[in-house]
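Going down the list, the protein sequences come from chains A and B.
Going by the numbering used here, the first sequence opens with residue 25, and the numbers climb by one from there.
Going by the numbering used here, the second sequence opens with residue 14, and the numbers climb by one from there.
To start, the structure itself, in structure tokens.
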Amino acid sequence: MSGFIVLNSGIFATIQDSGRYGYTDRGVCHSGALDMYAYLWSQMLLNNHNANAIEFMTGLKLQATASLSIAITGANLTCKINGVTKAIWQTHSLAKGDIISFEKRVSGQRGYLAIKGGFVLEKVYGSYATTLKEGIGMKLKRGDFLNSLPIDSFPLHRVRPSEIPEYQKPLLLRVLLSYQEEYFSAKEKKKFFHSDYEIGLQSDRMGYRLQGEPINSSKKDIISEGIAYGSIQIPQDGQPILLLKERQTLGGYPKIGTLLTIDCYKIAQATIGSKVRFETIEIAEAQKKMQTFNRCFRTAFI
Amino acid sequence: MHIKISSVDTLIIYFGEGISQEILDQVQRAYRVLKSIEGIIDLTPSYNSLLLEYDIMLYDYQTIQKRVKETLLQKSTHTSSSTNKLIKIPTRYNQTLGIDLKRVATLNKLSIQEVIALHTQTIYRVYAIGFMVGFAYLATVPKQIITPRLSTPRAKVPKGSVAIAEHQTAIYPKDSAGGWNIIGHTEFDDFESFEVGDSVQFVEVV
């Protein structure tokens, strides 16, 4: 059997893909890779088409049970093969018995490890994405075996250095004013767009909690409604929550706006305690940016 | 009806203020009609709104708004073939399983029997599904048994718990944290069959 034995799962590792679409009417959340930019590059490098990949944090250690072709993107977590440091944002060929490990975080939060053709797993509602709260998929754990199809060797592909993000850079995130923006006075909006916010402790695949200037809304709760990816919810304490891939499908807190989707991918790599700021973007410009992004990654989506 | 931008590739359609069967029916009609448009990625209906995610490579926000408006205006020609069903939920109401039954009765100055009678006499409708998979928001509970959420949510509410929060009632499809008042328990397990618009009635079993 070809694939990986999990020697150590690290802090948190799950199987993801681009997500689960078409079921929010049943309460099934999108889930999928939190940093789609890094995930999509892992697919492009291997010429995969929306195959699954491992989304992982520090501590992951795997052993290949056959020759494998993989791609690594995302956070710099000190990638080592048999103890030798290797570059990421590229493909690697592994031989039977090789050990790949990610022991120390340098920058970013989440890495992506994809394998040519993807791991052999069952889809649930059309996707491989793991959503623990829905009982779909599992956290990887020591001793798991991830089965892959046997493949011929695959050429070395690299992401151009100019395309590799610098995760240490402070984030200026673009926001579309939307939803209940009229519940926020000009004064409150000004506060929101002119303050630093710090990423709080309770930040995960569901959402990132921010700490900073509290924002007041004229109404405290609304009738529950569908929550778009990147929604910025303002609960009673005024501290914004950015809702990401594992957000609940419905919610009843007012929302001041929505983060531009490509900026949601950036925040997925931001560490707890780091600072972010917001600026506005208009819908026409936002859509152009998304269209450009989608065109770049067209082949990885199919 | 009014349409607002909700994100770079979603819009939200509001059908009115407040909660009523009439608004729910409008949401449902729109949900069914819009489902058939090409390039719709997700539709999330709720009490008085419908969130629509569209393929940004097919529409920009202006063309999708136009398309949605046109489609909804044509609705009269569309036979709204309702597929809504009635689901019966056999429920055991007692103070062992329904740990807040007493609280609901006391707060509303009713006997436990009266609470059960009021809860079972109403045919509820599924106004929304969310919070977790298969969690159907059922409304509207008779005003005599409207009860606020617990001030501190419980860390674990068992699967199958029948509960009330404000004007809504629901069944927990899974063990979960929750702040609703638990009044009974059901062995019902087909949570994936719930669809927005369905009717639901609780039936007391001993």
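The beta-carbon is built from N, C-alpha and C at its ideal position, and this holds for glycine as well.
Return helix, strand or coil for residue i, following the three-state DSSP convention.
i, result
"residue 38 (chain B)", "helix"
"residue 55 (chain B)", "strand"
"residue 45 (chain B)", "helix"
"residue 289 (chain A)", "helix"
"residue 319 (chain A)", "helix"
"residue 158 (chain B)", "helix"
"residue 116 (chain B)", "helix"
"residue 180 (chain B)", "coil"
"residue 28 (chain A)", "strand"
"residue 116 (chain A)", "strand"
"residue 66 (chain A)", "helix"
"residue 298 (chain A)", "coil"
"residue 45 (chain A)", "coil"
"residue 191 (chain A)", "coil"
"residue 54 (chain A)", "coil"
"residue 132 (chain B)", "helix"
"residue 81 (chain B)", "helix"
"residue 217 (chain A)", "helix"
"residue 279 (chain A)", "strand"
"residue 16 (chain A)", "A question about residue 16 (chain A) goes unanswered here, because the residues of chain A that appear run from 25 up to 326."
"residue 7 (chain B)", "The structure shown has nothing for residue 7 (chain B), since chain B only spans 14 to 219."
"residue 111 (chain A)", "coil"
"residue 76 (chain B)", "helix"
"residue 137 (chain B)", "strand"
Using the Cβ count rule (16 or more neighbours within 10 Å means buried), how would you classify residue i?
i, result
"residue 86 (chain B)", "exposed"
"residue 202 (chain B)", "exposed"
"residue 171 (chain A)", "exposed"
"residue 282 (chain A)", "buried"
"residue 177 (chain B)", "buried"
"residue 278 (chain A)", "buried"
"residue 249 (chain A)", "buried"
"residue 66 (chain A)", "buried"
"residue 108 (chain A)", "exposed"
"residue 151 (chain A)", "buried"
"residue 205 (chain B)", "exposed"
"residue 161 (chain B)", "exposed"
"residue 169 (chain A)", "exposed"
"residue 116 (chain A)", "buried"
"residue 75 (chain A)", "buried"
"residue 19 (chain A)", "The structure shown does not extend to residue 19 (chain A), since chain A is modelled only from 25 to 326, so the question has no answer here."
"residue 168 (chain B)", "exposed"
"residue 241 (chain A)", "buried"
For residue i, which of the options has the nearest alpha-carbon?
i, options, result
"residue 247 (chain A)", "B:123, B:152 and B:165", "B:152"
"residue 92 (chain A)", "A:105, A:165 and A:81", "A:105"
"residue 101 (chain B)", "B:40, B:15, B:175 and B:21", "B:175"
"residue 157 (chain A)", "A:265, A:304 and A:55", "A:55"
"residue 123 (chain A)", "A:90, A:193, A:138 and A:320", "A:90"
"residue 264 (chain A)", "A:308, A:311, A:208 and A:318", "A:208"
"residue 137 (chain A)", "A:149, A:148, A:114 and A:154", "A:114"
"residue 160 (chain A)", "A:146, A:166 and A:255", "A:146"
Report back the beta-carbon spacing between residue i and residue j to the nearest angstrom; my notes put them in contact at under 8 Å.
i, j, result
"residue 268 (chain A)", "residue 224 (chain A)", "In fact, because the Cβ distance is near 14 Å, the residues do not count as touching under 8 Å."
"residue 142 (chain A)", "residue 72 (chain A)", "6 Å"
"residue 50 (chain A)", "residue 21 (chain B)", "Wrong, their Cβ atoms sit about 24 Å apart, outside the cutoff."
"residue 40 (chain B)", "residue 139 (chain B)", "Contact flag wrong, Cβ pair sits at about 11 Å."
"residue 29 (chain A)", "residue 94 (chain A)", "That pair is no contact at about 14 Å."
"residue 272 (chain A)", "residue 143 (chain B)", "6 Å"
(message) Measuring CB atoms only, is the segment 287-298 of chain A touching the segment 35-42 of chain A, in the sense that at least three cross pairs come out at less than 8 Å?
(response) no
(message) For the pair the segment 80-89 of chain A and the segment 39-56 of chain A, tell me if three or more CB-CB distances fall below 8 Å.
(response) no
(message) So, does the segment 120-136 of chain A touch the segment 94-112 of chain A, judging by three or more C-beta pairs under 8 Å?
(response) Cβ pair count under 8 Å is three or more, so yes.
(message) Between the segment 199-219 of chain B and the segment 98-118 of chain B, can you find at least three pairs of beta-carbon atoms closer than 8 Å?
(response) Yes, the segment 98-118 of chain B is in contact with the segment 199-219 of chain B.
(request) Specify whether the segment 58-70 of chain B and the segment 17-35 of chain B touch according to this definition: at least 3 beta carbon pairs, one from each stretch, less than 8 Å apart. (result) In short, these stretches touch, since the Cβ pair count reaches three.
(request) Would you check if the segment 204-215 of chain A and the segment 186-194 of chain A touch, i.e. whether three or more CB-CB distances between them fall below 8 Å? (result) Too few Cβ pairs lie closer than 8 Å, so no.
(request) Kindly confirm or deny that the segment 191-207 of chain A and the segment 301-316 of chain A touch, where touching means at least three C-beta pairs closer than 8 Å. (result) yes
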